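Per the UniProt record's numbering, the sequence shown starts with residue 1, numbered consecutively.
Note that beta-carbon positions come from the ideal geometry of N, C-alpha and C, so glycine has one too.
Since we're looking at a predicted model, the values are computed, not measured.
A quick write-up on the structure given underneath.
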Amino acid sequence: MIEIEDENLTPQGDLALQIIALPRETNGFGDIYGGWLVSQMDLAGTAMASKVAGGRVATVAIDRMAFLVPVAVGAQLSFYTQTLQVGRSSIQMLVEAWSEDPLSSEWRKVTEAVFVFVAIDGSGRTRPVPPRR
Numbered sequence: 001m002i003e004i005e006d007e008n009l010t011p012q013g014d015l016a017l018q019i020i021a022l023p024r025e026t027n028g029f030g031d032i033y034g035g036w037l038v039s040q041m042d043l044a045g046t047a048m049a050s051k052v053a054g055g056r057v058a059t060v061a062i063d064r065m066a067f068l069v070p071v072a073v074g075a076q077l078s079f080y081t082q083t084l085q086v087g088r089s090s091i092q093m094l095v096e097a098w099s100e101d102p103l104s105s106e107w108r109k110v111t112e113a114v115f116v117f118v119a120i121d122g123s124g125r126t127r128p129v130p131p132r133r
């Protein structure tokens, strides 16, 4: 498992998604919901894993996640992905979330996790990942 380090000041992998955190995504304290953030990470990971798989994928696991800093409303969130391992039908993808504070322009790593995706066919059954070109 990759150790979460807040001293790593550069995102790992490719930019997969950017979005602004809106007020409707906040809890009663004004911070962005962790669950909403996880769903955005899943969207970013799915987009990249489907490219690797050459089609449809399903999320089957998320390995360890720790939130390092809260996300403020209006923050620009960037999600980076890096393929760690490709198996017969599975893809392990590191997904990192980074935040740029709208007031201070401070760039911070919010969290990371390893998502595991499985390639599936039109019927939802597992299928092999095609060989890389």
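Helix, strand or coil at residue i [DSSP, three-state]
i, result
"L15", "strand"
"V129", "coil"
"L9", "coil"
"V38", "helix"
"R108", "strand"
"S89", "coil"
"A75", "coil"
"residue 186", "Residue 186 lies beyond the stretch modelled for the chain, which goes from 1 to 133, so this question has no answer here."
"A58", "strand"
Between the CA atoms of residue j and residue i - distance to the nearest angstrom
i, j, result
"D101", "L68", "14 Å"
"W98", "R132", "29 Å"
"T81", "G28", "30 Å"
"V129", "Q40", "24 Å"
"A21", "D121", "33 Å"
From the options, residue whose alpha carbon lies closest to that of residue i
i, options, result
"P11", "Q76, E25, S104 and E112", "E112"
"A58", "D42, V73, V71 and M65", "D42"
"L37", "G87, D121 and L77", "L77"
"P23", "A16, I32 and L15", "I32"
"T83", "A72, R127, S89 and V95", "V95"
"Q92", "G124, M48 and T126", "M48"
Rounded Cβ spacing between residue i and residue j (contact assumed at less than 8 Å)
i, j, result
"E119", "G45", "As written in the sequence, residue 119 is Ala, which differs from the Glu given in the question. Not really, about 13 Å apart at Cβ, beyond 8 Å."
"residue 134", "L17", "A query on residue 134 cannot be resolved here, the shown segment of the chain reaching from 1 to 133 and no further."
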